[in-house]
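Take 6 as the starting number for the sequence shown in the working numbering and just add one per residue. C-beta atoms are modelled at their ideal positions from N, C-alpha and C, and glycine is treated no differently.
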Amino acid sequence: MRQAPAVVLEAYGRPPVLREVSIADPGADEVLVGVRASGVCRTDLAAVRDARAVPVVLGHEGAGVVLAAGAAVRTVEPGDHVVVNWQPKCGRCRYCVSGRREFCDGVRGTAAPRVHHGGEPLAVMLNAGTFCPFAVVPAAGVVKVRPDLPFAAAALLGCAVATGVGAALYGARIQPGDTVVVLGAGGVGLNAVQGARIAGAGRIIVTDHDPEHLALAGRLGATDLIAAADDVRGAVHDLTAGLGADHVLEAVGAAQLVELAVSLLARGGTVTLLGATARDAVAGFSPRTLLSRQQRIQGCIYGNIAPERDLPLFADWYLQGRLELDPFVSRTIALAEVPELFTEQSGSGVRTVVDLEAA
Ligand SMILES: [Zn+2]
Ligand SMILES: [Zn+2]
Numbered sequence: 006m007r008q009a010p011a012v013v014l015e016a017y018g019r020p021p022v023l024r025e026v027s028i029a030d031p032g033a034d035e036v037l038v039g040v041r042a043s044g045v046c047r048t049d050l051a052a053v054r055d056a057r058a059v060p061v062v063l064g065h066e067g068a069g070v071v072l073a074a075g076a077a078v079r080t081v082e083p084g085d086h087v088v089v090n091w092q093p094k095c096g097r098c099r100y101c102v103s104g105r106r107e108f109c110d111g112v113r114g115t116a117a118p119r120v121h122h123g124g125e126p127l128a129v130m131l132n133a134g135t136f137c138p139f140a141v142v143p144a145a146g147v148v149k150v151r152p153d154l155p156f157a158a159a160a161l162l163g164c165a166v167a168t169g170v171g172a173a174l175y176g177a178r179i180q181p182g183d184t185v186v187v188l189g190a191g192g193v194g195l196n197a198v199q200g201a202r203i204a205g206a207g208r209i210i211v212t213d214h215d216p217e218h219l220a221l222a223g224r225l226g227a228t229d230l231i232a233a234a235d236d237v238r239g240a241v242h243d244l245t246a247g248l249g250a251d252h253v254l255e256a257v258g259a260a261q262l263v264e265l266a267v268s269l270l271a272r273g274g275t276v277t278l279l280g281a282t283a284r285d286a287v288a289g290f291s292p293r294t295l296l297s298r299q300q301r302i303q304g305c306i307y308g309n310i311a312p313e314r315d316l317p318l319f320a321d322w323y324l325q326g327r328l329e330l331d332p333f334v335s336r337t338i339a340l341a342e343v344p345e346l347f348t349e350q351s352g353s354g355v356r357t358v359v360d361l362e363a364a
């Protein structure tokens with residue numbers, strides 16, 4: 006049992022607060038992670054309106070060092086550097102046993118609550134809760150990475166990179182020469198751009214409302230940049246000689262952008278949804294057009310990655326310079342500063358990273 010501060014969302018509609026919590030030892034198939042860095046993802050900010058449960062320790066884009074491992078853990082040991090994988094697969098459900106682990110319906114956290122405040126158990130966001138210097142997660146909820154990988158970059162691999170790069174490679178399965186549109190150039194969208202570039206896309210068209218984000222997209226491989234306020238449909242029409250895009254990746258999570266995405270598709274094209282819309286959002290499309298133009302709309306959670314294979318691979322790509330992450334980190338803050346982020350108007354920059362080494 007150990008005590009530490011954590012960022013806790015106690016009620017919907019109000020900013021989270023810093024609370025002193027107690028963290029129990031890991032169970033037999035669990036590990037205790039000393040969290041060193043945690044990115045602030047849009048999903049953390051959106052928890053204020055649609056967290057699954059409160060009170061909850063926020064944070065899920067994390068990386069750190071294994072401090073202790075339960076007796077049954079074989080995959081990592083104390084001292085290992087790890088990325089938190091917030092989709093720990095169960096290995097037993099019908100999807101896992103049939104080789105379709107990306108659809109696992111047994112994803113869950115620790116066997117019992119490991120974090121308490123005032124004697125009451127706290128939920129942890131996405132099986133993680135990395136806005137705390139300690140996190141207890143299932144053994145499958147961490148993946149070992151090379152120790153020369155900086156913690157801030159490692160943290161980003163665990164959500165923004167997995168979701169964006171993974172969606173391009175494994176969700177959309179972009180092929181060399183494909184025309185790709187990415188709607189939204191935040192942390193996930195910019196990684197989708199990098200994934201499309203790595204996949205060999207012929208044209209990567211990006212739209213966003215923020216000129217800084219668009220400029221970054223250009224640096225990361227986008228071939229054409231469109232301000233979101235412009236006529237995006239007309240611009241994509243012109244850029245593709247009227248054909249439309251083979252792939253549209255929606256990385257914002259807005260119903261009207263989902264509708265826009267469908268309207269940008271070429272024959273045989275696919276919309277891949279990466280952004281989390283509000284739980285009650287509804288979007289419309291013409292089924293007749295979808296049928297006659299043989300198009301598809303699909304969801305993609307966590308980039309459909311195989312975490313044990315892909316997180317170390319992405320780490321190599323970053324250290325080889327094939328994936329750029331440093332320009333994303335627009336600022337680094339202390340844990341105690343996290344609650345303030347929730348009262349700011351959507352801040353500047355792409356990613357804020359919480360440095361927990363100081364905590
Ligand atoms: Zn995230
Ligand atoms: Zn499963």
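Item	Value
Where Ser-103 sits in the DSSP three-state scheme	coil
Residue span of the alpha helix (DSSP H) that contains Gly-304, given as start and end	Taken as a continuous stretch (DSSP letters only), Gly-304 belongs to no alpha helix (DSSP H), being part of the beta strand (DSSP E) at 301 to 304.
Gly-84 versus Pro-292 - alpha carbon distance	54 Å
Beta-carbon spacing of Glu-25, Pro-60 below 8 Å	no
Opening and closing residue of the alpha helix (DSSP H) in which Thr-294 lies	292 to 297
Those residues which DSSP pairs with Asp-229 across a bridge	Ile-210
Val-88 beta carbon less than 8 Å from that of Val-148	yes
Extent of the continuous alpha helix (DSSP H) to which Gln-325 belongs	312 to 325
Inter-residue spacing [alpha-carbon to alpha-carbon] between Phe-136 and Ala-11	6 Å
Check: Thr-357 C-beta below 7 Å from any heavy atom of ligand 1	no
Reference Gly-274; option with closest CA among Pro-155, Val-129, Ala-177, Arg-105	Ala-177
Residues sharing a beta bridge with Glu-125, DSSP	His-122
Endpoints, the beta strand (DSSP E) within which His-195 is located	First, the residue type needs correcting, since residue 195 is Leu and not His in the sequence shown. Premise fails: Leu-195 lies in the alpha helix (DSSP H), 192 to 204, not in any beta strand (DSSP E).
C-beta contact flag for Arg-327 and Gln-299 at 8 Å	no
Ligand 2 heavy atom lying under 7 Å from the CB of Gly-114	no
Cys-95 Cβ short of 7 Å to ligand 1 heavy atom set	no
Residue(s) in a DSSP beta bridge with Leu-23	Val-12
Chain-order list of residues whose beta-carbon lies under 7 Å from that of Val-257 (same chain, five-residue window excluded)	Leu-188, Gly-189, Gly-280
Same chain, Cβ closer than 6 Å to Val-267, neighbours up to 5 away in sequence not counted	Val-276, Phe-290
Burial state of Val-111 (16 or more Cβ within 10 Å)	The question names Val, but residue 111 in the sequence shown is Gly. That one is exposed.
Of the listed residues Leu-295, Trp-322, Thr-357, Glu-329, nearest to Ile-338 (C-alpha basis)	Thr-357
Sequence-distant residues of the same chain with beta carbon closer than 6 Å to Leu-278, five excluded per side	Glu-255, Gly-304
Identified DSSP bridge partners for Pro-152	Pro-152 pairs with nothing; no bridge assigned.
Neighbour-count burial assignment, Ile-181, 16 or more Cβ in a 10 Å radius	Residue 181 is actually Pro in this sequence, not Ile. By the 10 Å Cβ count, Pro-181 comes out exposed.
Beta-carbon gap between Gln-287 and Ala-260 smaller than 8 Å	As written in the sequence, residue 287 is Val, which differs from the Gln given in the question. Yes.
The segment 48 to 64 contacting the segment 92 to 107, beta-carbon criterion three pairs below 8 Å	no
Thr-115 vs Val-78 beta-carbon contact at 8 Å	no
Presumed contact (8 Å Cβ cut-off) between Gly-223 and Leu-230, rounded CB distance	6 Å
Enclosing alpha helix (DSSP H) for His-242 [first to last residue]	237 to 244
Pro-344 - DSSP class collapsed to helix/strand/coil	helix
Assigned secondary structure, Ala-250 (DSSP; H/G/I helix, E/B strand, else coil)	strand
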